[in-house]
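**Q**
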Amino acid sequence: MTSFRRLALAALIPAAAMSFGLMSFGLTPLGLSGALAQSPSPAPAASASPSPAPSASPAPAASASPAPVATPSPAASASPAPAASPSPAASASPSPQAPPPAAAATPAPVQTADPFGLETTLEPKKVVMVKGTANWDSAFDTLVDAFKALNTLLDKQGIKHAGNSMIVYTSTDDTGFTFLAEIPVDQDPKNLPKDMSIGKSPEGKALKFVHRGSYDNMDNTYEAITNHLDDKRLEAKDTFIEEYLTDPLKTAEDKLVINVFVPLK
């Protein structure tokens with residue numbers, strides 16, 4: 007808006023300067039015409055005292071003197087005419103400048119950030135799950151293998167997913183972690199292996215965060231989550247959930263989109 011105002015003023019100032027210059031120029035011929043009109047009047051008075059012959063000569067002089075008066079008047083009337091032309095130019099100049107503020111305002115709706123620390127309530131879902139352990143060096147490969155085992159079981163029995171795949175971390179230490187890989191289902195699978203079972207996903211109040219990118223870069227996300235909890239003085243439970251919005255079996259690792267839920271005490 008400031009730049010638009012500045013451009014409008016810049017367009018108006020030259021028009022005002024030009025009209026002022028033309029008006030001052032118009033005043034000068036009028037001043038001269040007045041002087042010319044007044045100079046002949048004393049001439050007939052001086053020529054009246056001599057013989058009648060000189061009186062005839064002033065008459066043409068008097069008739070000639072108004073002639074210069076007539077010529078400046080069209081010049082004076084013509085001079086304001088150009089002054090009118092800059093004013094439409096000045097009025098037209100702001101109108102093209104109106105779209106830029108609208109164009110500058112369009113990026114505003116685009117800037118939509120992912121939820122960070124959004125309070126939510128998790129609803130329990132029926133899931134088929136498999137327990138596992140992993141070390142941090144091969145964490146993502148281990149999680150993918152767990153999802154593959156669950157998908158193989160469901161595909162054989164023709165059971166479709168009823169939601170996104172999840173990882174529930176049950177414990178962690180410096181070397182690795184234990185977890186439950188879960189896939190929501192609407193019906194119970196049969197003939198489950200010993201390490202698989204049917205259960206419910208976590209429920210209750212939690213904070214929602216979003217991670218985009220590779221699994222290895224999730225350290226930055228969890229560091230930000232820890233800082234958020236400290237700033238808000240919130241106490242989390244000893245578990246957290248990752249919901250994979252993109253299929254980890256088909257999506258490039260650096261294109262992952264994962265919701266991270268932190269249940270609160």
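Just so you know, the sequence shown maps onto residues 7 to 271 in my numbering.
Virtual Cβ for every residue (Gly too), placed ideally from N, Cα, C.
As the structure is a computational prediction, the values presented were derived from the model and not from experiment.
Please go through the stretch 159 to 190 and give each complete beta strand (DSSP E) segment of 3 or more residues, from N-terminal end onward.
**A** Restricted to the stretch 159 to 190, the beta strand (DSSP E) segments that are unbroken, complete and at least 3 residues in length are 172 to 178, 182 to 190, listed in chain order.
**Q** So, E241 versus N170, is the Cβ gap smaller than 8 angstroms?
**A** No; because the gap between Cβ atoms is not below 8 angstroms, this pair is not in contact.
**Q** Looking at E188 and M135, is the spacing between their C-beta atoms short of 8 angstroms?
**A** In this structure, M135 places its C-beta atom within 8 angstroms of the C-beta atom of E188.
**Q** Check each candidate in P130, L149, T158 and name the one with the smallest Cα separation from T139.
**A** Nearest option by C-alpha distance: L149.
**Q** Are three or more beta carbon pairs between the stretch 189 to 207 and the stretch 160 to 169 nearer than 8 angstroms?
**A** Result yes; three or more Cβ-Cβ pairs closer than 8 angstroms.
**Q** In chain order, what are the residue ranges of uninterrupted beta strand (DSSP E) at least 3 long that sit wholly in the stretch 187 to 264?
**A** 202 to 206, 210 to 218, 246 to 250
**Q** Would you report the Cα separation of I264 and L128, rounded to the nearest angstrom?
**A** 15 angstroms
**Q** Alpha carbon to alpha carbon, how far is S144 from F267? Give it in angstroms, no decimals.
**A** A direct Cα-to-Cα measurement between F267 and S144 gives close to 22 angstroms.
**Q** Do you know whose CA, among F122, P121, T126, D120, lies nearest K211's CA?
**A** The residue among F122, P121, T126, D120 with its C-alpha nearest the C-alpha of K211 is T126.
**Q** Less than 6 angstroms between C-beta atoms, sequence neighbours within five positions excluded: which residues of the same chain meet that for T227?
**A** H217
**Q** Look at the alpha carbon of W142 and the alpha carbon of P269, and state the distance between them as a whole number of angstroms.
**A** Taking the straight line joining both Cα atoms gives about 22 angstroms.
**Q** So, for K206: in the same chain, excluding its five sequence neighbours on each side, which residues have a beta-carbon less than 7 angstroms away from its beta-carbon?
**A** P130, K131, K132, V133
**Q** Beta-carbon separation of L255 and F153 under 8 angstroms?
**A** Yes, the pair counts as a contact, with Cβ atoms nearer than the cut-off.
**Q** Tell me whether K154 sits in a helix, a strand or coil according to DSSP, three-state version.
**A** helix
**Q** Using C-beta distances below 8 angstroms, list every residue in its chain close to F289, excluding the 5 sequence neighbours before and after it, in chain order.
**A** Not covered by the structure: residue 289. The range shown for the chain is 7 to 271.
**Q** Please state if the CB of K214 and the CB of P121 are separated by a distance shorter than 8 angstroms.
**A** yes
**Q** Which of the three DSSP states, helix, strand or coil, is assigned to A140?
**A** strand
**Q** Applying the criterion that 16 or more other CB atoms from any shown protein chain within 10 Å of the CB defines a buried residue, is I204 buried or exposed?
**A** exposed
**Q** Within 10 angstroms of its Cβ, does L159 collect 16 or more other Cβ (buried), or is it exposed?
**A** L159 sits buried, since 16 or more C-beta atoms from the chains shown fall within 10 Å of its C-beta.
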